[in-house]
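This note's numbering puts the first residue of the sequence shown at 30, with every later residue one more than the last. Structure first, then comments.
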Amino acid sequence: MLNGSNVSFGTGSNGTNCAFCNRTDIPSVLKETPNFLIAADHAPLVEGHILIIPKQHYACYGEVPAELDAELSALKHEIQQFFTQFYAPVVFWEHGIFRQTVFHAHLHCFPFGMTGYDLDEQLHNLVVASQEDIRQWYVTQGHYFYMEDASSALLFAPEMDRYLGIVKNVFWRGIVSRGSKVEWRTPQQRYEEGAAHIEALRGKWRSFQQQGVEACS
Ligand SMILES: [Zn+2]
Ligand SMILES: [Zn+2]
Numbered sequence: 030m031l032n033g034s035n036v037s038f039g040t041g042s043n044g045t046n047c048a049f050c051n052r053t054d055i056p057s058v059l060k061e062t063p064n065f066l067i068a069a070d071h072a073p074l075v076e077g078h079i080l081i082i083p084k085q086h087y088a089c090y091g092e093v094p095a096e097l098d099a100e101l102s103a104l105k106h107e108i109q110q111f112f113t114q115f116y117a118p119v120v121f122w123e124h125g126i127f128r129q130t131v132f133h134a135h136l137h138c139f140p141f142g143m144t145g146y147d148l149d150e151q152l153h154n155l156v157v158a159s160q161e162d163i164r165q166w167y168v169t170q171g172h173y174f175y176m177e178d179a180s181s182a183l184l185f186a187p188e189m190d191r192y193l194g195i196v197k198n199v200f201w202r203g204i205v206s207r208g209s210k211v212e213w214r215t216p217q218q219r220y221e222e223g224a225a226h227i228e229a230l231r232g233k234w235r236s237f238q239q240q241g242v243e244a245c246s
């Protein structure tokens with residue numbers, strides 16, 4: 030960066046090589062608003078796996094400015110309604126920069142229903158009341174990961190034991206609850222198997238949007 034060559038940082042640490050800025054990893058946009066895209070994950074874990082992606086390049090939601098909060102909140106609400114009607118209540122998940130594969134902020138939305146995470150487990154570091162809490166943490170503490178279900182929004186320090194606890198309680202349970210097998214698959218395998226999931230999701234999303242139009246007319 031200082032020597033004028035960013036080759037060694039060429040994983041999208043700025044926007045130029047970024048798969049989300051270039052939209053190369055966003056094959057299926059469901060909705061576009063002034064500052065965000067709602068898109069099907071191109072390698073879905075389960076049918077209904079959606080991403081909320083700011084159009085501008087931010088490393089994580091801890092960097093996304095407050096001016097975008099209302100727009101984000103409306104999109105989360107819309108996905109909550111969509112999932113509740115067609116799948117199961119939403120679980121929002123952000124791995125922040127910790128274990129990120131695309132270095133551009135994105136919020137995962139999974140139809141996992143209630144998670145198996147018990148607050149008494151104390152794996153979380155912070156109960157989040159607003160996006161501002163996430164920004165504050167990012168400024169003062171740095172990396173994090175984030176999980177939100179119908180009952181709570183939680184922020185976690187980026188430590189492996191916390192992460193694995195959540196993967197087990199939230200992801201394994203969630204995937205099983207959607208009738209899928211818990212087995213490790215590479216992103217490439219998920220990508221190849223994902224086309225049918227994405228097609229089904231698109232069909233349901235169209236029905237959902239159509240209802241919205243009818244309700245407004
Ligand atoms: Zn980007
Ligand atoms: Zn991700």
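Beta carbons are placed, not taken as given, at the ideal position from N, Cα and C, and that holds for glycine.
task: Determine the DSSP secondary structure at tyrosine 175, reduced to helix, strand or coil.
output: In the sequence shown, residue 175 corresponds to position 146, counting from 1. In the structure shown, tyrosine 175 falls within a strand segment according to DSSP collapsed to helix, strand and coil.
task: Measuring alpha carbon to alpha carbon, tell me which of Thr113, Ile79, Pro94 ends up nearest leucine 59.
output: The residue labelled residue 59 in the question sits at position 30 within the sequence shown. For the residues Thr113, Ile79, Pro94, the minimum Cα distance to leucine 59 belongs to Ile79.
query: Do tyrosine 116 and asparagine 249 come within 8 angstroms of each other at the CB atom, strictly closer than that value?
result: Because the chain in this structure spans residues 30 to 246, residue 249 falls outside the shown range and cannot be described.
query: For phenylalanine 185 versus histidine 137, is the C-beta spacing smaller than 8 angstroms?
result: Taking the first residue of the sequence shown as 1, we reach residue 185 at position 156. Taking the first residue of the sequence shown as 1, we reach residue 137 at position 108. In terms of Cβ geometry, phenylalanine 185 and histidine 137 do not form a close pair [threshold 8 angstroms].
Which residues DSSP lists as bridging proline 83, in chain order: In the sequence shown, residue 83 corresponds to position 54, counting from 1. Beta-bridge analysis with DSSP links proline 83 to Phe65.
- prompt: CA-CA distance, histidine 106 and leucine 74?
  reply: Translated into the one-based positions of the sequence shown, residue 106 becomes position 77. Translated into the one-based positions of the sequence shown, residue 74 becomes position 45. Whole-angstrom Cα-Cα distance: 21 angstroms.
field: Three-state secondary structure (DSSP) of phenylalanine 185
entry: Residue 185 sits at position 156 when you count from the first residue of the sequence shown. DSSP places phenylalanine 185 in strand when its eight states are reduced to three.
Methionine 189, buried or exposed, once every other Cβ within 10 Å from all chains shown has been counted against 16: Taking the sequence shown and counting its residues from 1, one reaches residue 189 at position 160. Under this definition methionine 189 is an exposed residue.
message: Starting from tryptophan 122, trace the beta strand (DSSP E) in both directions and tell me its first and last residue.
response: Counting from 1 along the sequence shown, the entry for residue 122 is found at position 93. Counted as a single uninterrupted DSSP element, the beta strand (DSSP E) harbouring tryptophan 122 occupies residues 120 to 123.
- prompt: How many Å lie between tryptophan 213 and valine 168 at the Cα?
  reply: In the sequence shown, residue 213 corresponds to position 184, counting from 1. In the sequence shown, residue 168 corresponds to position 139, counting from 1. Going by the C-alpha atoms only, they are around 34 angstroms apart.
Unbroken alpha helix (DSSP H) run spanning histidine 106, endpoints: The count along the sequence shown starts at 1 and reaches residue 106 at position 77. Segment 98 to 115, the alpha helix (DSSP H) holding histidine 106.
message: On the criterion of 16 or more Cβ atoms from any shown chain inside 10 Å, does valine 36 qualify as buried, or is it exposed?
response: To locate residue 36, count along the sequence shown from 1; it is residue 7. Model confidence at valine 36 stands at a pLDDT of 34, short of 50, so the residue's coordinates are unreliable; what they give is reported in the following sentence. In this structure valine 36 is exposed. Its beta-carbon is surrounded by fewer than 16 other beta-carbon atoms within 10 angstroms.
message: So, at 6 angstroms on beta carbons, what are the nonlocal neighbours of phenylalanine 237 in its own chain, with the 5 sequence-adjacent residues on each side left out?
response: Working through the sequence shown from its first residue, we reach residue 237 at position 208. Residues of the same chain with a CB within less than 6 angstroms of the CB of phenylalanine 237, apart from the 5 flanking positions on each side, are Phe111 in chain order.
- request: Find the nearest neighbour of glutamate 221 within the set Asn64, Asp70, Ala48, judged by alpha-carbon distance.
  value: The sequence position of residue 221 within the sequence shown is 192, counting from 1. Closest in alpha carbon position to glutamate 221, among Asn64, Asp70, Ala48, is Asp70.
- prompt: Out of Ala134, Ala103, Ile67, which has the shortest C-alpha to C-alpha gap to isoleucine 126?
  reply: As a position in the sequence shown, residue 126 is number 97, starting the count at 1. Selection Ala134, Ala103, Ile67 evaluated against isoleucine 126 yields Ala134 as nearest (Cα-Cα).
task: Could you name the residues of the same chain whose beta carbon sits closer than 8 angstroms to that of valine 131, not counting the 5 residues immediately before and after it, in chain order?
output: Against the sequence shown, residue 131 aligns to sequence position 102. Here the set comprises Gly41, Cys47, Ala48, Phe49, Asp54.
message: Taking its Cβ as the centre, do 16 or more other Cβ atoms sit within 10 Å of aspartate 178, making it buried, or is it exposed?
response: As a working note, residue 178 is residue 149 in the sequence shown. The Cβ neighbour count for aspartate 178, taken over all protein chains shown within 10 Å, is at least 16; the residue is labelled buried.
message: For glycine 91, count the other beta carbons within 10 Å of its own beta carbon; 16 or more makes it buried, fewer makes it exposed. Which is it?
response: Residue mapping note: residue 91 aligns to position 62 of the sequence shown, counting from 1. Label assigned to glycine 91: buried.
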